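Worksheet: the structure to be examined is printed underneath.
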Amino acid sequence: MSKSPNILLPALGVTGIVLGGAYGTMTRSYKADEADIARAQAQAAEARLVSQEEANTDLKSQIALVQDTAKAKIAELEARPATVSLTAPAPMHDGAMGLGREALVEEIAAWDVDVLPDGRGLPAGTGNAFDGEELFADKCAACHGDFAEGVDNWPVLAGGFDTLADEDPVKTVGSYWPHLSTVYDYVYRSMPFGEAGTLTPDETYAIVAYILYSNDLIDDEFELTHVNLGAFEMPNKNGFIIDDRPKAEYAAWSAEPCMSNCKDEVTVTMRSVFLVNTPEDGGSESVMNNATVEGLPSFTSAGASFIPEAEAKVEETVEVAAAAVEEPADEGAALIKAGEKVFKKCKACHAVGDGAKNKSGPQLNALLGRTMGSVDGFKYSNVFKAAYDEGRIWDEASLTEFLAKPKSYMKGTKMSFSGLKKEGDQVAIIAYLNSFLGD
Amino acid sequence: MDEMHKPSRRAFLRGSAAAAAGSIAGAASAQTADPLITDVQDWASITGVGVDETPYGLPIEYESHVVRRNVEWLTASPISSINFTPIHALEGTITPQGCAFERHHSGAIEMKKDDYRLMINGLVDKPLVFTYADLERFPRENHVYFCECAANTGMEWAGAQLNGVQFTHGMIHNMEYTGVPLRALLNEAGLGAAGDLKDKWVYVEGADASSNGRSIPMEKALDDVLVAFKANGEALRMEHGYPVRLVVPGWEGNMWVKWIRRIEVSDAATESREETSKYTDVMEDGTARKWTWVMDAKSVITSPSPQMPIEHGKGPLVISGLAWSGHGQITRVDVSRDGGITWEPARLGKQGDTKALTRFYLDVDWDGAPMLLQARAMDETGYVQPTKEQLRDARGENSVYHNNCIQTWYVNAEGIAENVEVS
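The structure is reproduced here in structure tokens:
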């Protein structure tokens, strides 16, 4: 509350300026009106052979009168209490306005489930890692891995101890999170992804215990409950400091900046890692940038050291046709190359090539001619299991149809991918996948 | 499509001839008369599209490349992901809602105004539930504010990464919000029960499946936070939290909870996942800063930039960019064309509002030589936007968030710009 005068003042300061400006304009137009009248009077006077001096005096005194009136009005406005200014912040009501209705106890209970670091807010319950393991395998492992190690790009929940000062810190529940309350709170309210709010408190305690167990922080008999959760000490509980930028940075970075001869020479030390193409149908395609810093000019206050020869312009498209132009010698190779680019859309979930493992989708080696849903150790959806039982085989036609619209070709598939719209992309990706038939 | 809307082959040929003439241009004289001028064009003869053809209009098809775009490989799923505002192609300061970046943790949800409920509970005199219609009866305010994701420019900690200002700086938008000050709603519920307001918190959460929640200190909650239901004069877009979102001026975008459903007054920060696991900044020694809410002063040149090469050759060139600060107004922006050896004060297109984008310009006569373009913002506190080197010296390279470094574009003699890092 102590802040509120500070909130109002700057806003009113601006208001004052705006009003002053508006009043300035008003004054000017008054003057113009008065001047017109005066001019008319002057003409009339001339016609009546009254002397020019007299008319001027008349005009001056009229202008003076208008100015005095305007000044008085400005003074009056400025003297008014600031609260009536025209752009004041929304007024604060003294006490309640009587809007809204009182929240019912059961409504608050339904929504107010967040948990504070000391454990306040936890519902009664209990669970252990032994029970948690099965729940986790069933509800969480598809994305976070059987051991909470993370699949593909999905978050890693375990491990990473002593990596926080490394080049690439691994921030997990075990290595990074300061409070166990947060794990309960987040899992209970926000996971499983796509089915949030379906876990019971006991299931949540068991799953949280399993995540602790995966991080070697408890054994599988430890009973996690609403009583001991708040006091559980996480390894990184002392790893956080409150924002110290004001002290550590702001003072040092508030000096009057240098304007000239700030450095002797500047060279380019790194070029963009990725070039980014922006296709017409949206999204983006990142392509490794092969250019090096060699051959770029350095800079001094006299400008660039030299003007390099024209560089080849970066191709903006990833169309199959464009790829074909790049390597006209071998159309097949060009198509496979184009397919490799399209495969970026699949990479998050699928691997292909030597030693490719299952990710959240099955590996795609030797796909053409392979029975649908046949990769060992991959948990397929029912529609894929049925296709397997029927002995259906992937060929170009079925693959094209599936990739164009996965969800309509395989009703109930768990492959969350909307499909490849462009025919060129479908052809290219099949050529690409086909290049892994050999092994 | 009826006949008159179809570009005829003749018109197409004429058009390309004109384009060819245009490319020789830049020169002050033309050899042949421009058919776009000498021939009567279809649009100057046949009538155009009638009213109501598009009850709610989209930009003309020639601007269809000006869209937000994502970088698929950055995240596991587009449902919990981010895309980027095409700031390279926008001018002025207001971001149209339709191309303003999106960040969802569990996808954008469709909620009707009629189904909207906002609860205030915790340390209040009377816990309340508001409908959308209730909110419309509180005194309103209008303010322009920028909303920047804390991870904007985050990839650049590891050096020049993505080639495009849309991708390096596009997790930002700037809109005029209409809403009710949060303090008015807190006042309605009564803060007597909270006692001394010092060290009290307000926890805010959304109605979506991620129920993304953040803790806001009471001082900020009573200052300039808005419970907003309109942006740029119209309803919020679904992807920005329709029907109601929180606006937390100058503070990181994650706190601007969308589909806000609950506000709880409390005596402690919740330290939710979004304020512990995420949105905390790991320093070089492995300790992390938490509660780094303010977005420090920052600027970037939007044109020329990798997606906006100079196509007109030597001569008059408009260098255009954006500057902003979560601490207040931008007071000055300097531009360098030689990688930071020499700086020139830029012209502010218009004094931006506090905690809102400011447009700046430097109008130069380009001699066709390569440039290293940089911009450097200063705000009303006297803070000067730091270099990448200063940031890394202070924080290391692992903090992910709050990278407000000076950005460099190398522009070659052909006018092509690239994201680079300099000594």
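Chains as they are written, first to last, in this note's numbering: chain A, 1 to 439; chain B, 440 to 862. Yeah, the Cβ is synthetic: ideal placement off N, Cα and C, and Gly gets one too. Source: prediction; values computed, not measured.
Cβ contact annotation for A:Ser-284 (same chain, cutoff 6 Å, sequence separation greater than five): Val-276, Thr-278, in chain order.
Chain order gives the chain B residues near A:Lys-347 as Trp-512, where near means a beta carbon separation below 8 Å.
Put simply, of A:Ala-366, A:Pro-308, A:Gly-282, A:Asp-118 the residue whose alpha carbon is nearest the alpha carbon of A:Asp-395 is A:Ala-366.
Its Cα nearest to that of B:Leu-625, the residue A:Asp-94 stands out among A:Tyr-432, A:Phe-306, A:Asp-94. For B:Gly-561, the enclosing beta strand (DSSP E) covers residues 556-561. Beta-carbon to beta-carbon, A:Thr-413 and A:Lys-405 are separated by about 11 Å, too far to satisfy the 8 Å threshold. The distance from the Cβ of A:Ile-211 to that of A:Leu-157 is about 6 Å, consistent with a contact at the 8 Å cut-off.
Rounded to the nearest angstrom, the gap between the Cα atoms of A:Glu-280 and B:His-504 is 6 Å.
Put simply, the CB of A:Leu-335 is far from chain B, with every gap to its CB atoms at 9 Å or more. By the C-beta density criterion, A:Ala-79 is exposed, having fewer than 16 other C-beta atoms within 10 angstroms.
Proximity of the region 352-364 of chain A to the region 142-153 of chain A meets the contact definition, three or more beta-carbon pairs being nearer than 8 Å. Taking a contact to require three or more Cβ pairs closer than 8 Å, the region 779-796 of chain B and the region 828-840 of chain B do not qualify as touching. Each of B:Lys-659, B:Pro-620, B:Ser-650 was checked against the Cα of B:Asp-638, and the nearest Cα belongs to B:Lys-659. Under the three-state reduction of DSSP, A:Pro-406 is assigned to helix. Looking only at A:Ala-209, A:Lys-247, A:Ser-214, the smallest Cα-Cα distance to A:Ala-129 is reached by A:Ala-209. Residue pairing from DSSP places B:Glu-644 in a beta bridge opposite B:Gly-652, B:Arg-701. Distance between A:Thr-267 and B:Gly-788, taken at the CA atoms: about 31 Å. Counting of Cβ neighbours within 10 angstroms places B:Leu-557 among the buried residues, the total reaching 16 or more.
In the three-state reduction of the DSSP assignment, B:Gln-813 falls in the strand class, which pools E and B. Against chain A, the beta carbon of B:Gly-821 has neighbours under 8 Å at Ser-254, listed in chain order. The beta carbon of A:Asp-168 falls within 9 Å of a beta carbon belonging to chain B, placing the residue at that interface. According to the DSSP assignment, B:Lys-789 belongs to no beta strand (DSSP E), since it is labelled neither H nor E. Under DSSP, B:Asn-581 forms a beta bridge with B:Thr-617. Here B:Pro-688 is near B:Asp-663, since their CB atoms are less than 9 Å apart. At a Cβ-Cβ threshold of 9 Å, B:Gly-652 and B:Gly-645 count as neighbours.
B:Lys-659: member of the alpha helix (DSSP H) spanning 657-660, first to last residue. At least 9 Å separates the CB of A:Ser-381 from every CB of chain B.
Annotation: B:Pro-578 to B:Val-666 spans about 11 Å, alpha carbon to alpha carbon. Any Cβ of chain B closer than 9 Å to the Cβ of A:Thr-225 would place that residue at the interface, and such an atom is absent.
Against chain A, the CB of B:His-679 has no partner CB under 9 Å away; the residue lies outside that interface. Cβ neighbours of A:His-179 within its own chain (closer than 8 Å, five residues either side excluded): Pro-117, Met-234, Lys-237. Beyond the five residues adjoining it in sequence on each side, B:Met-657 comes within less than 7 Å, by CB distance, of Leu-636, Lys-639, Trp-640, Val-641 in the same chain, given in chain order.
Around the Cβ of B:His-751, a 10 Å sphere holds fewer than 16 other Cβ atoms; the residue is exposed.
With contacts defined by Cβ atoms closer than 9 Å, A:Gly-230 and B:Phe-569 do not form a contacting pair. In this structure B:Gly-672 is exposed. Its beta-carbon is surrounded by fewer than 16 other beta-carbon atoms within 10 angstroms.
B:Trp-782 sits away from A:Pro-297, with the two beta carbons spaced by 9 Å or more.
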